[in-house]
Amino acid sequence: MPEVSETVSRLLAGRAASGFVGSELLIASHFHHRHSIAPPTSRTEAPRLAERCRSHYRDPVPAPIDPARLLADLVAHDSTSNRSNLPLAEHLAGVLEDAGATVDLGYSSASGKVNLVARIGPDVDSDSGLVLSGHMDTVPAEEPDWNSNPFTLTDGGDRWFGRGSCDMKGFLALAAAAVGRHASVELTAPLCLLFTYDEEVGCLGAAAFCDSWPQDRHLPRSVVVGEPTEMKVVRMHKGHLRARVVLRGVSAHSGYPHRGRSAIEPAASILTALRELREELESERPGNHEFFPEVPYVALNVGRIRGGSAINVIPDSCVIDVGLRLLPGMEVADCMPRVTRAVEAVSDPDTTEIELVHESPPLLLDDRASIHSSLCGLIGQTETHSVSYGSDAGTFDRLGLECALFGPGSIEVAHRPNEFLPKDEFQRADEILDTLIHQFCVEGRA
Ligand SMILES: [Zn+2]
């Protein structure tokens with residue numbers, strides 16, 4: 011039925027002016043006419059029917075996605091965490107829809123940012139298949155030491171320079187290209203992309219995704235989070251707990267100190283108490299410490315103090331921000347009460363507040379999880395690798411997902427001027443992802 015497949019291809023290729031759901035409706039209705047399948051009765055049913063239609067016609071879809079070219083496009087979109095990632099996400103959505111994927115942009119009105127979920131392959135009544143996940147935001151690129159424009163992917167021979175090249179737009183480009191390559195392949199299980207916002211400022215997009223994902227909707231359990239691990243498979247990382255101590259005083263002219271009360275002075279004993287807690291934590295060895303030989307304990311950092319407004323004013327407020335790096339297997343309840351006790355022991359409860367600001371959970375993936383054993387098998391890794399930075403993977407654990415970190419590039423050069431991505435790792439990661447997708451979405455390894 012060439013005329014049918016042509017129509018379908020055309021519909022899939024063109025994004026209807028009325029939006030994607032509109033074109034889905036058209037495709038699904040078309041399919042109904044040719045195959046006596048009930049027409050879509052609602053807008054939500056249309057994508058499902060269109061999916062059936064799509065899996066029926068494995069027609070060639072538009073030109074393949076060139077990952078290197080896409081990477082250049084992604085780097086050119088400044089998606090520093092303090093900006094909206096909407097332009098970048100819409101660009102990706104267009105590329106993926108043109109390639110034949112179903113794309114959802116989960117909009118957060120609070121932040122003006124979006125998560126992107128894309129999908130190809132059949133609807134299955136299980137959690138089989140594979141998710142490729144990465145964050146769309148980057149850290150700022152304001153360092154004066156950049157040798158090239160950080161938002162222009164620059165060819166440096168064996169590497170590409172650019173902000174986000176390794177952390178982690180390189181992986182996003184590989185994942186999108188892999189979807190494009192498999193859109194016309196008969197899959198037995200879905201291949202999904204899950205791209206988040208605001209990972210760099212506390213995995214906020216991942217948390218919003220977990221909060222809003224419907225419990226009854228299937229998502230493949232196995233996830234690759236493409237952080238730059240230098241092509242190692244990582245199954246553990248620490249978490250980050252952020253606490254805040256707020257001290258209240260009474261402001262006054264410093265010439266009349268008896269009329270005010272300093273909020274800064276009492277902070278001194280709190281800092282001492284926090285230093286003692288830091289030393290105590292450093293002497294402890296919680297579970298899984300052996301996987302973090304460099305820092306085998308909970309690291310506590312008093313990262314920021316803000317207080318006062320001028321030298322001649324008694325300060326009425328002082329805020330102390332404290333970060334703690336929890337080990338895999340630990341929970342907030344293991345640490346936060348100790349911070350609270352340490353602060354309360356030396357402060358006035360009427361003028362001091364302690365709050366938990368945010369938590370990015372640690373990652374602890376079982377080494378027998380199929381995503382771990384498959385990836386390790388592909389690269390010949392036998393040992394456990396851990397990293398001391400956080401990622402969305404710890405948060406995805408809330409949905410019962412099994413996440414392994416694996417990606418090209420090094421965290422050593424991320425978050426720095428002249429961030430780069432080695433081309434050979436980019437190429438190698440492309441091949442490994444291809445084999446992995448075959449295992450999980452064609453052979454149906456769960
Ligand atoms: Zn990252």
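Throughout, the working numbering is defined as the position within the sequence shown, counted from one, plus 10.
Glycine included, every Cβ here is placed at the ideal spot set by N, Cα and C.
Only a predicted model underlies this, so the values are computations on that prediction, with no experimental measurement involved.
Taking the Cα positions, Val243 is about 40 angstroms away from Ile280. For Cys345, the uninterrupted alpha helix (DSSP H) run begins and ends at Val342 to Glu354, by DSSP. When Cβ pairs closer than 8 angstroms are counted between the two stretches, the segment 82-97 is seen to touch the segment 171-181, the count reaching three or more.
A residue is called buried once 16 or more other Cβ atoms fall within 10 Å of its Cβ, and Thr392, having fewer, is exposed.
DSSP places Leu126 inside the beta strand (DSSP E), whose first and last residues are Lys123 to Ile130.
When secondary structure is reduced to three states using DSSP, Ser357 falls in the coil class, being assigned neither helix nor strand. Judged by DSSP in its simplified three-state form, Leu284 adopts helix. Judged by DSSP in its simplified three-state form, His425 adopts coil rather than helix or strand. Residue range Asp402 to Phe406 is occupied by the alpha helix (DSSP H) that includes Ala403.
It is roughly 11 angstroms from the alpha-carbon of Gly190 to the alpha-carbon of Leu201.
Restricting attention to Gly454, Val113 and Lys433, the CA atom closest to the CA of Gly166 is found in Lys433. In the assembly as shown, Pro347 is an exposed residue. Its beta-carbon has fewer than 16 other beta-carbons within 10 Å.
Membership of His395 in the beta strand (DSSP E) is indicated by the continuous run His395 to Val397. Using a cutoff of 8 angstroms, the CB of Glu429 does not count as near ligand 1, since none of the ligand's heavy atoms is closer than that.
Counting along the chain, Gly167 sits inside no alpha helix (DSSP H), nor does DSSP assign it H or E at all.
Judged by DSSP secondary structure, Asp88 falls outside any alpha helix (DSSP H); it is assigned neither H nor E.
The Cβ atoms of Thr148 and Glu210 lie closer than 9 angstroms to each other.
Taken through DSSP and simplified to helix, strand or coil, Asp444 comes out as helix.
Val235 and Ser143 have their C-alpha atoms some 5 angstroms from each other. Cβ-Cβ separation between Ser121 and Leu214: approximately 7 angstroms, consistent with a contact (criterion under 8 angstroms). Rounded to the nearest whole angstrom, the C-alpha separation of His250 and Leu385 is 26 angstroms. Rounded to the nearest whole angstrom, the C-alpha separation of Glu237 and Gly400 is 10 angstroms. Around the beta-carbon of Ile321, fewer than 16 other beta-carbon atoms lie within 10 Å, marking it exposed. Val233 has its alpha-carbon roughly 11 angstroms from the corresponding atom of Leu375. Here Ile442 is actually not in contact with Glu412; their C-beta atoms are around 18 angstroms apart, not less than 8 angstroms. Here Arg254 is near Asp331, since their CB atoms are less than 9 angstroms apart.
For a cut-off of 8 angstroms, the C-beta gap from Val329 to Val256 is around 5 angstroms, short enough to register as a contact. DSSP lists no bridge partner for Ala187. Distance from the Cα of Ala352 is smallest, within the candidate group Ile324, Glu365 and Leu284, for Leu284.
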